[in-house]
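Here's the structure, in structure tokens; my notes come after.
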Amino acid sequence: MNDRIIRDAHNLKKLIREAEALADESIIAVARLKQAMLSARQNPEVEVHTGQRALMRLTEAESQALAMSTALLRVHAELSKVAEVYAGGDPGIPTEFPKTAFADAPAPVAELGI
Numbered sequence: 000m001n002d003r004i005i006r007d008a009h010n011l012k013k014l015i016r017e018a019e020a021l022a023d024e025s026i027i028a029v030a031r032l033k034q035a036m037l038s039a040r041q042n043p044e045v046e047v048h049t050g051q052r053a054l055m056r057l058t059e060a061e062s063q064a065l066a067m068s069t070a071l072l073r074v075h076a077e078l079s080k081v082a083e084v085y086a087g088g089d090p091g092i093p094t095e096f097p098k099t100a101f102a103d104a105p106a107p108v109a110e111l112g113i
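Here the sequence shown is numbered in numbering that gives the first Met the number 0, starting from 0 and rising by one per residue.
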């Protein structure tokens, strides 16, 4: 097996995990923001409807972040299939995903016509 294939495989493995971690961090940041917005709105001096449109937009962004996370998992799964063909000698590279990981995933943004 070619050394370059192994180096590329390890680099891709590192980068996909980094991308997945950043997607997760994005979802966590949005969740914290939503919590702070809702907590701020519970102030008795603030109208109950204050920030509703912002919350709706944030929820949309959260949904898109989750869709990105799901898409990255699909990329990871496809890269694992490629690794089985080209870097099959390294058993640490492929990653198996259960079919249920994508079962309830939202449709990709392209399918939604957005």
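The beta-carbon is built from N, C-alpha and C at its ideal position, and this holds for glycine as well.
Item to complete: Could you pull out every residue in the same chain whose Cβ sits closer than 6 Å to the Cβ of Met67, ignoring the five residues on either side in sequence?
Response: Ala22
Fill in: Thr99 in three-state terms, based on DSSP
helix
Worksheet entry | When Arg40, Gly87, Ile15 are compared against Asp2, the one with the closest alpha-carbon | Gly87
Worksheet item: Are the segment 11 to 20 and the segment 60 to 74 in contact at 8 Å, needing three or more beta carbon pairs?
Response: yes
Discussion item. Report the CB separation of Leu32 from Leu57 in whole angstroms; it is logged as a contact under 8 Å.
Written reply: 6 Å
Practice prompt. Return the residue from the list Ala8, Lys12, Ala76 that minimises the CA-CA distance to Lys98.
Written response: Ala76
Worksheet entry | Buried/exposed call for Lys12, threshold 16 Cβ in 10 Å | buried
Item to complete: Would you kindly report the start and end of the unbroken alpha helix (DSSP H) that includes Gln51?
Response: 51 to 85
Practice prompt. Measure the alpha-carbon distance for Ala53 versus Ala82 and round it to whole angstroms.
Written response: 43 Å
Practice prompt. Report the option in Leu65, Phe101, Pro43, Leu14 whose CA atom is closest to the CA atom of Ala28.
Written response: Leu65
Discussion item. Out of Glu59, Val84, Phe101, Gln41, which one is the CA nearest neighbour of Ala30?
Written reply: Glu59
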